[in-house]
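Q: If you number the sequence shown the way our numbering does, the last residue is 605 and the count never jumps.
We put the CB at the ideal spot given by N, CA and C, even for glycine.
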Amino acid sequence: MKRNLKVIKTIFALVLTIILFIGFHTYNYLKIQSLKFSNEWGKGIEIGKSFVNKEPIIGTYKDNILIVTFNEEGKLLYYLLTKTGKVLESNLSDKDININKIKNIYLFENKLFYIKDNKLNVSHYNEGIGFTKPVKLLDNIEGFTLSEMQNGLYIGTYDNKNIDIYKFENDKLKKINEYSNKWNIRNIYLKDINNKKHVFIVDKVDLNVNNILLGALDKLDNDIRKITDIRSNFNTVIRDVKVEIVDNKIFLVYPITNTKGGNRTYLQLEILNAETLESEVSRKITDSHIDGVTALGESISVYKDNGKIKLICSGINISNKYAMYPDIFELEIDKQGNISNVVFISNTASQSKRPSFIRTKFGDYLTWLDIEASGYKLFMNSKNKDFILVNNKFTKSDYITAFYRALASPFYALAFGFLKGMESLLYVLVIFLPVGFILRKYRINKENIKFIIFSSLYIILNLLLFKSTFYSGYTVFYLPNYLKFKLAPYIMPLILNLISGIITYIFYKENKRLNYTSFLVFFIAVNIYLSNLLYVPFAMTRVILK
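(1) Can the beta-carbon of aspartate 3 be found closer than 8 Å to that of lysine 142?
(2) Who does glutamine 410 pair with in a DSSP beta bridge?
(3) Output the distance between the C-alpha atoms of asparagine 159 and glutamine 209, rounded to the nearest integer angstrom.
(4) Is the beta carbon of asparagine 169 sitting closer than 8 Å to the one on glycine 118?
(5) Whose C-alpha, out of Asn130, Tyr120, Asp306, Pro596, is nearest the C-alpha of leucine 147?
(6) From this set, Ser527, Ala474, Ala467, Val487, which residue's C-alpha is nearest valine 602's C-alpha?
(7) Is the CB-CB distance between proline 414 and serine 456 below 8 Å?
(8) Give a yes or no on contact between the stretch 85–98 and the stretch 127–140, applying the rule of three or more CB pairs nearer than 8 Å.
(9) Going by the beta-carbon positions, is the gap between serine 182 and leucine 171 smaller than 8 Å?
(10) When the Cα atoms are used, what is the spatial distance from serine 347 to arginine 323?
(11) If you measure from the beta carbon of isoleucine 304 to each beta carbon in chain C, is any gap under 8 Å?
(12) Can you name, in chain order, every residue of its own chain whose Cβ lies under 6 Å from the Cβ of alanine 408, other than the five neighbours on each side?
(13) Could I get the ranges of all uninterrupted alpha helix (DSSP H) runs contained in the stretch 516–572, with 4 residues as the minimum, in chain order?
(14) In its own chain, which residues sit with a C-beta less than 8 Å from the C-beta of phenylalanine 453, not counting the 5 before and 5 after it?
(15) Rounded to whole angstroms, what's the CA-CA distance from lysine 162 to proline 314? Just pull it up for me.
(16) Nearest-angstrom Cα distance between phenylalanine 529 and isoleucine 558?
(17) Which word fits serine 441, buried or exposed, when buried means at least 16 other C-beta atoms lie within 10 angstroms of its C-beta?
(18) Can the beta-carbon of isoleucine 392 be found closer than 8 Å to that of valine 352?
(19) In the DSSP assignment, the alpha helix (DSSP H) including proline 596 goes from what residue to what residue?
(20) Decide if arginine 464 is buried, meaning its Cβ has at least 16 other Cβ atoms within 10 Å, or exposed.
(21) Is it right to say glutamate 431 is buried, meaning 16 or more other beta carbons lie within 10 angstroms of its own, or is it exposed?
(22) Roughly how many whole angstroms lie between the Cα atoms of leucine 390 and glycine 215?
(23) Taking only three categories from DSSP, how would you classify asparagine 365?
(24) Grouping DSSP H, G and I as helix and E and B as strand, with all else coil, what is proline 469?
(25) In chain order, which beta strand (DSSP E) runs of at least 3 residues are fully inside the stretch 207–290?
(26) Is the separation between the beta-carbon of isoleucine 224 and that of isoleucine 235 shorter than 8 Å?
(27) Count Cβ pairs between the stretch 108–116 and the stretch 444–453 that sit closer than 8 Å; are there 3 or more?
(28) Between the C-alpha atoms of leucine 273 and glutamate 201, what's the straight-line distance to the nearest angstrom?
(29) Buried or exposed: which applies to isoleucine 508, given that a residue is buried once 16 or more other Cβ atoms fall within 10 Å of its Cβ?
(30) Please name the residue, chosen from Asn365, Asn443, Met551, that lies closest to asparagine 98 on a Cα-to-Cα basis.
(31) For arginine 323, list the residues DSSP reports as bridge partners.
(32) What residue range is occupied by the uninterrupted alpha helix (DSSP H) comprising glycine 82?
(33) When we look at the beta-carbon of aspartate 262 and count the other beta-carbons within 10 Å, is it buried (16 or more) or exposed?
(34) If distances are taken between C-alpha atoms only, which option among Leu276, Gly366, Lys436 comes closest to lysine 226?
(35) The beta strand (DSSP E) that contains leucine 140, what's its start and end?
(36) Taking Cβ positions, are serine 291 and asparagine 270 nearer each other than 8 Å?
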């Protein structure tokens with residue numbers, strides 16, 4: 060029993076040192092996780108789950124945010140959150156609203172509109188109750204859209220015979236216009252242009268061509284014009300067209316994904332004069348045109364802000380050396396089609412996609428999906444000042460994630476320490492063997508002198524090799540700046556030698572009867588392990604963050 064106690068202080072000192080190093084790496088991962096690239100937006104927070112690869116649907120309920128998504132079976136999941144992102148309610152709806160059975164779903168404030176069995180239905184959300192039993196509004200509907208124009212909510216519907224425009228008031232529909240459907244409609248959009256209501260029609264001419272048509276609601280039968288077309292081929296997929304009007308300019312933006320040879324997405328931008336309908340800008344926007352972004356995502360959100368268009372999409376943040384997967388970013392498009400102010404909104408270390416934006420009276424909000432093993436994490440961010448203030452802190456989840464990542468450090472250090480130790484052993488033998496022969500020749504037998512000579516030789520050797528060993532490749536790339544100062548490759552090994560020396564001294568105090576070789580081997584082993592414990596996790600950053 061007494062023999063076992065001879066290493067208790069040594070073990071305690073070594074474990075305490077390892078814990079301190081784990082704490083250091085935990086802090087480093089916390090800093091990585093909390094990196095922000097936008098001054099306008101806050102820190103993205105996880106608020107729930109989703110199980111369907113579809114944009115979350117976002118609305119409002121009083122002064123709260125209402126988000127709708129779906130579970131594994133396609134049933135409706137909903138989340139009610141405060142302005143600061145606190146979840147007030149999270150439930151699975153018991154109503155028969157299933158994404159696999161419905162079409163064209165929209166959420167306006169707390170009203171959920173959708174088509175099921177060619178019927179337009181509406182369901183209302185109420186806190187503590189959830190969504191009400193759906194009420195049928197219309198029969199025989201193929202598709203619809205809704206838009207807020209001139210302080211009113213308008214709904215446009217279509218079937219194979221007619222296009223009908225309604226105003227939604229007091230939970231009822233009032234028909235405003237009816238037109239004969241002369242087209243093969245893929246989608247329609249209602250927009251206010253110069254205080255006049257207009258409809259955009261995406262007319263599917265054939266498999267490869269979609270015409271964009273525009274007409275005033277009061278003259279649709281006689282005054283509808285083709286303003287542009289969308290052309291595709293067998294290898295391309297065209298996503299939803301986004302339409303916005305800014306200062307007498309019509310902005311049309313839509314993603315096109317080329318599926319040949321791996322999915323590659325680009326954006327097509329069209330800017331037209333709202334009066335003459337003449338094209339002023341037509342350009343293809345690839346990730347090479349967007350500063351600091353690569354691997355564009357397939358979904359976008361668009362809104363107008365201070366005379367410009369803001370576009371939100373996903374892509375890999377080139378300026379973030381830790382980014383391996385797409386994050387959510389925002390950019391500006393001016394009236395000349397120029398791109399500027401590219402800012403990343405999220406930094407989650409997971410693949411982010413499907414952004415969905417809403418502007419409310421209490422601020423702009425964004426929600427998106429992050430891929431995980433079983434479905435998706437649901438995230439939210441905002442420009443709301445209270446949201447930014449509340450969420451600009453480390454959360455319990457942040458600490459746990461960072462700590463779990465740091466826990467891998469001792470094991471990586473052990474594995475790499477063995478490899479580095481074998482390499483160091485070769486250098487040590489080359490130096491130590493000749494010196495050993497010299498000491499033997501001159502009959503220098505004092506243990507303390509031998510220890511001082513050999514440990515000094517090791518320290519010098521370590522100083523010479525430290526830079527090439529730990530300040531190269533991925534290790535130095537991921538090192539924080541405070542470990543990359545000019546003299547770091549020379550100061551850091553001395554600090555590590557000092558720590559190793561202190562632990563070795565404790566080992567010596569407990570085991571004085573051992574010979575100098577035991578203490579020398581112990582000192583070298585501890586030094587190699589601690590050096591790897593400090594530096595190897597940086598080399599393994601990409602693996603650990605995955």
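A: Short version:
(1) Because the chain spans 60 through 605 in this model, residue 3 falls outside it and cannot be assessed.
(2) In the sequence shown, residue 410 corresponds to position 351, counting from 1. None, per the DSSP bridge assignment.
(3) If you number the sequence shown from 1, residue 159 lands on position 100. If you number the sequence shown from 1, residue 209 lands on position 150. The alpha-carbon atoms of asparagine 159 and glutamine 209 are separated by roughly 34 Å.
(4) Along the sequence shown, read from residue 1 onward, the residue named residue 169 stands at position 110. Along the sequence shown, read from residue 1 onward, the residue named residue 118 stands at position 59. Contact flag set, yes.
(5) Residue 147 sits at position 88 when you count from the first residue of the sequence shown. Measuring from the Cα of leucine 147, the nearest candidate turns out to be Tyr120.
(6) The sequence position of residue 602 within the sequence shown is 543, counting from 1. Checked all of Ser527, Ala474, Ala467, Val487; the closest Cα to valine 602 is Ala467.
(7) Stepping through the sequence shown from its first residue, residue 414 is reached at position 355. Stepping through the sequence shown from its first residue, residue 456 is reached at position 397. In this structure, serine 456 does not lie closer than 8 Å to proline 414 by Cβ.
(8) no
(9) For this step, residue 182 is matched to residue 123 along the sequence shown. For this step, residue 171 is matched to residue 112 along the sequence shown. Taking 8 Å as the Cβ cut-off, serine 182 and leucine 171 qualify as a contacting pair.
(10) Numbered from 1 along the sequence shown, position 288 holds the residue referred to as residue 347. Numbered from 1 along the sequence shown, position 264 holds the residue referred to as residue 323. Approximately 12 Å between the Cα atoms of the pair.
(11) The structure shown contains no chain C, having only a single protein chain.
(12) Taking the first residue of the sequence shown as 1, we reach residue 408 at position 349. These residues qualify, in order along the chain: Leu604.
(13) 532–537, 547–569
(14) Translated into positions along the sequence shown, residue 453 becomes position 394. Contacts found: Leu89, Ser93.
(15) As a working mapping, residue 162 is identified with position 103 in the sequence shown. As a working mapping, residue 314 is identified with position 255 in the sequence shown. C-alpha separation (whole angstroms): 21 Å.
(16) Taking the first residue of the sequence shown as position 1, residue 529 is located at position 470. Taking the first residue of the sequence shown as position 1, residue 558 is located at position 499. Cα to Cα, the separation comes out at about 18 Å.
(17) Taking the first residue of the sequence shown as 1, we reach residue 441 at position 382. Classification for serine 441: buried.
(18) Translated into the one-based positions of the sequence shown, residue 392 becomes position 333. Translated into the one-based positions of the sequence shown, residue 352 becomes position 293. Contact flag unset, no.
(19) Against the sequence shown, residue 596 aligns to sequence position 537. First-last of the alpha helix (DSSP H) with proline 596: 575–598.
(20) Taking the sequence shown and counting its residues from 1, one reaches residue 464 at position 405. Flag for arginine 464 reads buried.
(21) For the purposes of this step, residue 431 is taken as the residue at position 372 of the sequence shown. When all chains shown are included, glutamate 431 counts as exposed.
(22) As a position in the sequence shown, residue 390 is number 331, starting the count at 1. As a position in the sequence shown, residue 215 is number 156, starting the count at 1. Distance between the alpha carbons of leucine 390 and glycine 215: 30 Å.
(23) By one-based count along the sequence shown, residue 365 stands at place 306. Asparagine 365 falls in the coil class under three-state DSSP.
(24) One-based indexing of the sequence shown puts residue 469 at position 410. Three-state result, proline 469: helix.
(25) 211–217, 221–228, 231–239, 244–252, 255–263, 268–275, 283–290
(26) For the purposes of this step, residue 224 is taken as the residue at position 165 of the sequence shown. For the purposes of this step, residue 235 is taken as the residue at position 176 of the sequence shown. Result yes, Cβ atoms of isoleucine 224 and isoleucine 235 sit closer than 8 Å.
(27) no
(28) The residue labelled residue 273 in the question sits at position 214 within the sequence shown. The residue labelled residue 201 in the question sits at position 142 within the sequence shown. Going from the Cα of leucine 273 to the Cα of glutamate 201 covers about 20 Å.
(29) If you number the sequence shown from 1, residue 508 lands on position 449. When all chains shown are included, isoleucine 508 counts as exposed.
(30) For the purposes of this step, residue 98 is taken as the residue at position 39 of the sequence shown. Cα-wise, what sits closest to asparagine 98 is Asn443.
(31) Here residue 323 refers to the residue found at position 264 of the sequence shown. DSSP, once it has assigned bridges, lists Asn317 as partnering arginine 323.
(32) Locating residue 82 in the sequence shown gives position 23, counting from the first residue. Per DSSP, glycine 82 belongs to the alpha helix (DSSP H) from 67–92.
(33) The residue given as residue 262 occupies position 203 in the sequence shown. Buried, because 16 or more other Cβ atoms sit within 10 Å of the Cβ of aspartate 262.
(34) Indexing the sequence shown from 1 puts residue 226 at position 167. Checked all of Leu276, Gly366, Lys436; the closest Cα to lysine 226 is Leu276.
(35) Taking the first residue of the sequence shown as 1, we reach residue 140 at position 81. Looking at the DSSP string, the run of the beta strand (DSSP E) that includes leucine 140 is 135–140.
(36) Residue 291 sits at position 232 when you count from the first residue of the sequence shown. Residue 270 sits at position 211 when you count from the first residue of the sequence shown. Taking 8 Å as the Cβ cut-off, serine 291 and asparagine 270 do not qualify as a contacting pair.
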